[in-house]
Each structure stands twice: as structure tokens, then as C-alpha cells.
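**Q** Input: one structure, supplied below.
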Amino acid sequence: MSQNRDGRTPGVTTFEREIMTSSIKRRSLAAVAIGASAVLAAAVVPATTHAANKLTIAFVMGAESDPFFQAMKVGAIAEAKVKNVNLVWQGDPSVYSPATQIPIADAVLAQKPDGLVLIPTDPTALQATVTKAVALKIPVVNVDTHVNDLTNVISFITGDNADGGSKAADAIAKAIKYSSSKQFQVAVGLTSATATTNVARLEGFKAQIAAKYPNITIVDVAYSQSQPAVANTNVSNWLTKYPKLNGIFAIDGTNADGAAAAIQAKGLVGKVALVGYDAYKKNVDLIAKRVITALIAQDPAQEAKLAIDTLVDYIGGKTTGIKKNVVIPNFAIDIYTHASDKKKYTYVQK
Amino acid sequence: MTTQITQAPTPASRAKGLLKNQQFILVLVLIAMVTFFSLKNHIFFTNAVFANVLSDWIPVVLMAIGETFVIITGGIDLSVGSVVGFSGVVTAFAMRNLTAHNVNQNTTLAIGLLVAVAVGCGIGLINALLITRARIVPFVATLATLGAFRGLCIVTTGGGPVGEGPDSAIALTVPKYGPFNSPGLVVVVLVVIIGLYLHKSRFGRYTYAIGSNSFAARSAGINVKAHLTKVYILSGALSGLAGFYLYLRLSVGSPSSGQSGELDAIAAVVIGGAALAGGVGKITGTVLGSLILTTVTSGLIIIGVAPNWKQVVVALLIAAAVFSQGLRNWTKGGDL
Chain A
12 MSQNRDGRTP
22 GVTTFEREIM
32 TSSIKRRSLA
42 AVAIGASAVL
52 AAAVVPATTH
62 AANKLTIAFV
72 MGAESDPFFQ
82 AMKVGAIAEA
92 KVKNVNLVWQ
102 GDPSVYSPAT
112 QIPIADAVLA
122 QKPDGLVLIP
132 TDPTALQATV
142 TKAVALKIPV
152 VNVDTHVNDL
162 TNVISFITGD
172 NADGGSKAAD
182 AIAKAIKYSS
192 SKQFQVAVGL
202 TSATATTNVA
212 RLEGFKAQIA
222 AKYPNITIVD
232 VAYSQSQPAV
242 ANTNVSNWLT
252 KYPKLNGIFA
262 IDGTNADGAA
272 AAIQAKGLVG
282 KVALVGYDAY
292 KKNVDLIAKR
302 VITALIAQDP
312 AQEAKLAIDT
322 LVDYIGGKTT
332 GIKKNVVIPN
342 FAIDIYTHAS
352 DKKKYTYVQK
Chain B
72 MTTQITQAPT
82 PASRAKGLLK
92 NQQFILVLVL
102 IAMVTFFSLK
112 NHIFFTNAVF
122 ANVLSDWIPV
132 VLMAIGETFV
142 IITGGIDLSV
152 GSVVGFSGVV
162 TAFAMRNLTA
172 HNVNQNTTLA
182 IGLLVAVAVG
192 CGIGLINALL
202 ITRARIVPFV
212 ATLATLGAFR
222 GLCIVTTGGG
232 PVGEGPDSAI
242 ALTVPKYGPF
252 NSPGLVVVVL
262 VVIIGLYLHK
272 SRFGRYTYAI
282 GSNSFAARSA
292 GINVKAHLTK
302 VYILSGALSG
312 LAGFYLYLRL
322 SVGSPSSGQS
332 GELDAIAAVV
342 IGGAALAGGV
352 GKITGTVLGS
362 LILTTVTSGL
372 IIIGVAPNWK
382 QVVVALLIAA
392 AVFSQGLRNW
402 TKGGDL
């Protein structure tokens, strides 16, 4: 029902107005209720349909739109099948943020899974989720990123992010033909200021530059919030602001997407080195076109596999072989990498 | 016989009149911002930065123009950001298939454009049906489609970007005419045409009439439901166009494209002087409002301030715009 700016419909009695308002409210509430029920039903189905003797492991990740998590999902589903585990895969569709992750984690804990794999989007904000899980006697494994206090986390499984940052520094230095007689400028595109993976990669990158490439200056850092379009805006402006920019370290896949598009649009392919993170097929293909100089590949499917194996063992009482920290090495892919290695490290996507 | 004497406006009254004109104030704000950013870093005042600003401006203004029509009718369209994402993803799938079948790149892009706009029109029609037939209030109806189509972006793509389309996509976004790229010029022409359509045509008059008093509009013979349907389809179509532009810019259909775009669109419209109660709004205001938003984004990066400050600046601008509307109403004798 259309209304005027007072929020009233002219020519209609108060009684009629109340009936109409109530009708609109009912319809709106019905629409909300139907939508919410559908979403809740979709979310709850995996946890409620499992057989009584089958373990349920919940996997709460960062943002579904990040292909890194897609590759991890492929690995998790495959291992869940092998181990006969009921997998509950949850996370925000596209926002990598504790604000969206905490309610999802709470909803998952309410289903009382047998184990929880948590990829905390913030080390402090998600600490309470671990505490709640422990109170419910649900064992927790952290993957990729971790909470501040790992005392109650049975294992933390990750790629070696500091090593990845260090390898990225080596790849940029190689691409820009680093020499001690010249000064070089690089910028770093991150997704979030607090995600532990981002922080560790940046620290590894900075440490390697300080140790081996002192003539490289990090002139800027910016955050993309997992959106390639935001990363594109950041890099487009850097390429204007720093006409002598030699290289960019795109710290994850969405930053690499945005940076690659900006470098192409500015006609700077081959002139600005771009080292990205995560071996998505599209970005691996851009290495052959010289848009991306190198990619630091992790093994998210392996991380997911190990997380599920760890929880299955722990719940089954086999705790002796569980390591508190598991670090999976990275691999740098560039134009010279053998095709078989490229294939091996390119992420499997849906 | 009486003689009416009209007083010629004095310079003081003329200046007072100008200061009551929201568009004039927005131009001043824009000039002040450009001056400030240029003084902080002279690189800001270059073609390359203006090109960045305009490239960011294209999707925002397209969403915001559609939103202006909707807001003038007294409604709201929260789905514009999701339309951008979903139309970009669907067009990316379509163009990937056409490229795989070796279809000519220009044909692929033309079909991709039509697909994106058609997807936008389709979602606009769904919004319109929910509002006019199911009688769900616009806020709730478009909130539902916002969630549904953002979710479908993830479901259809599995969460990842959809690439392998025509190689020439990014080349189209390279500036060719000063700071403008080819799609940018097309958008400027489109905005002028749509502006004239809103302010000079019967369609525009109906839009204002419905927003001012829908009962009176209906009594005057305007088919309100049919008109609102057209307005929501227009909003969807323009957001679909924005989705196509973001595809060109990134060379991928990203499921996160357009995320929170509805907030930028509504902010641009409100800063531009439109009233959320309906019946008030101008395309020139929206154009300036969206230009201010994208100028802030690039400006903060160029002067080295964290872009997160953009939210603070935008909030202040919205507050100032709404305050200025209230002030104008008050000086006309209304309630402050």
C-alpha cells in the first residue's frame, strides 16, 4: 500500500488503516519467516540427518567466496567421505569478518557437533567461541588462522605463512632484478589487518626484505575485505601515486585478482612485478601471460584433510600422534615451474 | 487598477538562494575535496587519478540513478548490490561459454551486456511483484532479494571468480578520452538521457506524484502499480549494467562484486538531496553525491589515509545533507 510522506494513506479511516497496516505487517513477517525457515532448514539438515553412530564434524571457515576455502572444502568433503564423517560446512558467503562469523559459529555449536574445525577470522574475537566449545566438551582444531590462546585448541594446522611471505619477497626481488645500487618500491595488498595469516605473511615478507633486500621500501599497504573490486581500486590508485612502483605483493587470492586487473588496465604488464598468494587456476594461467610474476601456493585441501583426521583420532581416543602445531610447506610457482608441479599445486575448485 | 512592483534580486538574496540550493553546495563540497586532496598530494590533480575516480564512479552512479527513481516514489531498493553481483556472475558464465565456442569477442561482449541487463530486469520485476502484488513493503521485499541473490552468487559459482571470458574485456576500461574510458562516456550519455526522462517526461512527473502522494496520484488516474513495476525494473536494469561494467573491469564475475553497493547507492542519493520519504530528488544531486563518494575513496588512498575513514566521511556527509534538507524545510515554514 502506497503512503504519503506522513506514513498515512489519505482518504482512509483509522480502522481501515490499522487493518491494512496489520495486513502488510503479516505479509512482511510471513515473507521473513518463510525466508528464515528455508535458510535455517538448509543449515540444519546436514547435522540432523546423520546416523546415530556417525561422527559430525563442523567446519566453520572464513568466507565462501574465497577460492582458498573452496579448495579446502573439496579436501574436507573428500576426507569426510573417507572417514565416514558427517560434515557440516558453514561460514559467511562472502564477508571475512568476526561480526558475521561469530553468530554462525554459535549456531553451529548449538547443534552440538562431535568436533569443530574453526578458521578464526579474528584471533581475539573468536576466542570466546573456543571457550564455549570446550565448555560443551567439543574438541577444537584451528586451521589456517588461530585464536590468541591455543591452550584449549588440540591442534593448529596451517601453511607456513611467514615462510610464504619470505618466499614472496624472494620472488619480487628476483623479478625486479634487485641490486644494492638501486632503490626499489613495493606495496602490499591485504584482506584484513588482524587475520593471523595476513599478519604472518606480512611479517615474513618484511623480515626477509630487512634481512636480504634493504633497498626495497614498502611504500603502502591497503585492505580489500575479500573483494577484488576494492583491491582493484587500491592498486589502481597506487599505480598512479607511485609512478616508480616496482612490485606488488598481493597477500591472498582476491587481492591478486584485483591487482592483476589493475596492472592490465594501466598497461603495466611486465613493468610492475606482481607476486600473489594462492594458486587459483585463473591466476596460475596469468603467470603464462606474465601478468602475475609468481604465486605462493598453499595446500588447503591437505590442511582440511589433516584437521578432520586429527579430530577423528582425538574423539576416538588416539591422542598420542597429535601434534600441537602442524606447518605445511608452501611452494612458489613462476613461469619456470614445471607443468607437473603447476598442476599439482593448482587449487581444485568446484 | 493596481500595479504590482517586483523587486530585482539583490546580490545578497541571490547568494542566499544559491546556498539553499543543494546541488550548488555539493559542487562546492566537491571542489573543496579536490582542492584539499590536491594540496595534500599534487598527484591527485592528474588525469590518471580522475580516471580512477571515474572508473569507481560508473558502477556507483548506475546503482544510484536507479535508486533515485525508487526513492522518489517513496520506496527503497536494497537489492542493487546483489543485482550487481549476480548479473556479473551470470554474464561471466555466459561469456565463458561463448568464448569456449570461439564466438567473436565483440559478439560475446554484446551478448554479455544483454544478459547482465536482462538479469537485472528480471530481479527488478521480482521486486516489483513482491511490492505491488504480494504487497510486501519495499524494505522487506528488497531485503529478501538482497539475501537471495547474494546467496545465489555463491551457490552458482561455488564462491570463486568466473573467468576465461573475452580477453578484450579489460581493454575497454582503459581511459581513452581524457579520464574517460568508452563505457564511461556511454554512462554519461545514459545519465543525461535518464535525467531528462525524470525531469522532463510524463514518466518522471508520475514518479514524483506517486512519491508525494500515492493516493492522489491514483485518484488522478495514474496506474501506480504499473508505474512502480517500471521503476523497479529500471533500477534492476541499471544495476545489471553496473554488474557488467565490474565484469569488464576485473575480467571476472566475482560473487563478492557489489557487496554493500546498496549502501553506497543510498548514500549517494541522500547526499544528492533526495528525501527518503519520497517525492523529492534530482539526478544531478545523485551524480554529484556518487562522485563525492568515489572522490573520497581515491583521495584517501592518494594522501595516505586508511580508506576505512571513508565510512566516517560519508556518515558526516549524509548527516550534513539531511540536516540541510531539514533546514530548508524549516526556512520554508515547516518543522525543523
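Residue numbers (this note's numbering), protein chains in the order written: chain A, 12 to 361; chain B, 72 to 407. All C-beta atoms in this analysis are idealised placements derived from N, C-alpha and C, irrespective of residue type, glycine included.
Let me confirm a value: Pro134 of chain A is counted as buried when at least 16 other C-beta atoms fall within 10 Å, else exposed. Which label applies?
**A** The residue in question, Pro134 of chain A, is buried, as its Cβ has 16 or more Cβ neighbours within 10 Å.
**Q** Spatial neighbours of Thr162 of chain A within its chain, please: C-beta separation below 6 Å, excluding the five flanking residues on both sides.
**A** Counting only Cβ-Cβ distances below 6 Å, and skipping sequence neighbours, we find nothing.
**Q** By the criterion of Cβ-Cβ separation under 7 Å, what are the contact partners of Pro104 of chain A in chain B?
**A** In chain order: Arg221, Gly222 and Ile225.
**Q** Output the distance between the C-alpha atoms of Leu147 of chain A and Lys123 of chain A, rounded to the nearest integer angstrom.
**A** So the alpha carbons of these two residues sit roughly 8 Å apart.
**Q** Rounded to whole angstroms, what's the CA-CA distance from Ala233 of chain A to Val259 of chain B? Just pull it up for me.
**A** Their backbone Cα atoms lie some 30 Å apart in a straight line.
**Q** So Ala212 of chain B and Asn198 of chain B are supposed to be a Cβ contact under 8 Å. How far apart are they, rounded?
**A** Going by Cβ atoms, the distance from Ala212 of chain B to Asn198 of chain B rounds to 6 Å, so yes, they are a contact pair.
**Q** To the nearest angstrom, how far is the alpha carbon of Lys277 of chain A from that of Ala318 of chain A?
**A** Taking the straight line joining both Cα atoms gives about 42 Å.
**Q** When the Cα of Gly191 of chain B is compared with those of B:Ser290, B:Gly255, B:Leu99 and B:Gly329, which residue comes out closest?
**A** Out of B:Ser290, B:Gly255, B:Leu99 and B:Gly329, B:Gly329 has the C-alpha closest to the C-alpha of Gly191 of chain B.
**Q** Where does Ala135 of chain B land, buried or exposed, given buried means 16+ other C-beta within 10 angstroms?
**A** Counting Cβ neighbours within 10 Å, Ala135 of chain B comes out buried, since at least 16 surround it.
**Q** Please report how far the alpha carbon of Gly215 of chain A lies from the alpha carbon of Ser235 of chain A, in whole angstroms.
**A** Taking the straight line from one Cα to the other gives about 20 Å.
**Q** Excluding five sequence neighbours on each side, which residues of the same chain lie with their C-beta closer than 8 Å to the C-beta of Asn159 of chain A?
**A** Closer than 8 Å at the Cβ level, and outside the excluded window around Asn159 of chain A, lie Pro134, Thr135 and Gln138.
**Q** Strictly by DSSP, which residues pair up with Ser166 of chain A?
**A** A:Val152.
**Q** Does Tyr291 of chain A come within less than 8 Å of chain B when only Cβ atoms are used?
**A** So, interface residue.
**Q** May I ask which residues mark the beginning and end of the beta strand (DSSP E) holding Val245 of chain B?
**A** It is not in any beta strand (DSSP E) - Val245 of chain B carries neither H nor E in the DSSP assignment.
**Q** Taking the C-alpha atoms as reference points, what is the distance between Gly327 of chain A and Asp310 of chain A?
**A** When rounded, the distance between both Cα atoms is 26 Å.
**Q** Where does Gln93 of chain B sit, in a helix, a strand or coil, going by DSSP?
**A** Reduced to three states, the DSSP call for Gln93 of chain B is helix.
**Q** Can you tell me which of A:Leu322, A:Phe342 and A:Asn243 puts its alpha carbon nearest to the alpha carbon of Tyr288 of chain A?
**A** The shortest C-alpha separation from Tyr288 of chain A is found at A:Phe342.
**Q** At a CB-CB cut-off below 7 Å, which residues of chain A make contact with Ser328 of chain B?
**A** The answer, in chain order, is Ala240.
**Q** Give the straight-line distance between the Cα atoms of Asp324 of chain A and Thr330 of chain A, rounded to the nearest whole angstrom.
**A** One C-alpha to the other measures close to 7 Å.
**Q** Which full runs of the alpha helix (DSSP H) of 4+ residues lie inside the region 173 to 224 of chain B, going along the chain?
**A** Segments of the alpha helix (DSSP H) lying fully in the region 173 to 224 of chain B: 176 to 203.
**Q** Is Leu285 of chain A closer than 8 Å to Ala270 of chain A when the C-beta atoms are compared?
**A** Yes, the Cβ-Cβ distance between Ala270 of chain A and Leu285 of chain A is below 8 Å.
**Q** Tell me which same chain residues have a C-beta within less than 7 Å of the C-beta of Trp100 of chain A, skipping the five on either side of it?
**A** The residues are Phe70, Lys84 and Ala87.
**Q** Does Asn168 of chain B come within less than 8 Å of chain A when only Cβ atoms are used?
**A** No, no contact with chain A.
**Q** DSSP three-state call for Leu149 of chain B: helix, strand or coil?
**A** In this structure, Leu149 of chain B counts as coil in the three-state DSSP scheme.
**Q** Could you check if Val93 of chain A is buried or exposed, using at least 16 other CB atoms within 10 Å of its CB as the buried criterion?
**A** Exposed.
**Q** Cα separation between Leu201 of chain B and Phe140 of chain B?
**A** Whole-angstrom Cα-Cα distance: 18 Å.
**Q** Should Thr178 of chain B be labelled buried (16 or more other beta-carbon atoms within 10 Å of its own) or exposed?
**A** Thr178 of chain B should be labelled exposed.
**Q** Leaving out five residues before and five after Val100 of chain B in sequence, what residues of the same chain have Cβ atoms less than 7 Å from its Cβ?
**A** The residues are Ile363.
**Q** Taking 8 Å as the threshold (beta carbon to beta carbon), is Ile129 of chain B in contact with chain A?
**A** Ile129 of chain B does not count as touching chain A.
**Q** Distance check for Ile372 of chain B and Asn118 of chain B, CA to CA, integer angstroms please.
**A** If you take the alpha carbons of Asn118 of chain B and Ile372 of chain B, they lie about 16 Å apart.
**Q** Within 7 Å: the Cβ of Gly218 of chain B and any heavy atom of the ligand COA?
**A** No copy of the ligand COA occurs in the structure displayed, which carries no ligand at all.
**Q** Please report whether the beta-carbon of Gly229 of chain B lies at a distance below 8 Å from any beta-carbon of chain A.
**A** It does; some Cβ of chain A falls within 8 Å.
**Q** So does the region 141 to 156 of chain A actually touch the region 100 to 115 of chain A, counting three or more Cβ pairs closer than 8 Å?
**A** With the cut-off at 8 Å, the region 141 to 156 of chain A and the region 100 to 115 of chain A do not touch.
**Q** Is the beta carbon of Val186 of chain B closer than 8 Å to that of Val161 of chain B?
**A** In this structure, Val186 of chain B lies closer than 8 Å to Val161 of chain B by Cβ.
**Q** Nearest-angstrom Cα distance between Val155 of chain B and Thr228 of chain B?
**A** Those two C-alpha atoms are separated by around 15 Å.
**Q** Should Pro239 of chain A be labelled buried (16 or more other beta-carbon atoms within 10 Å of its own) or exposed?
**A** Buried, by the Cβ-count rule.
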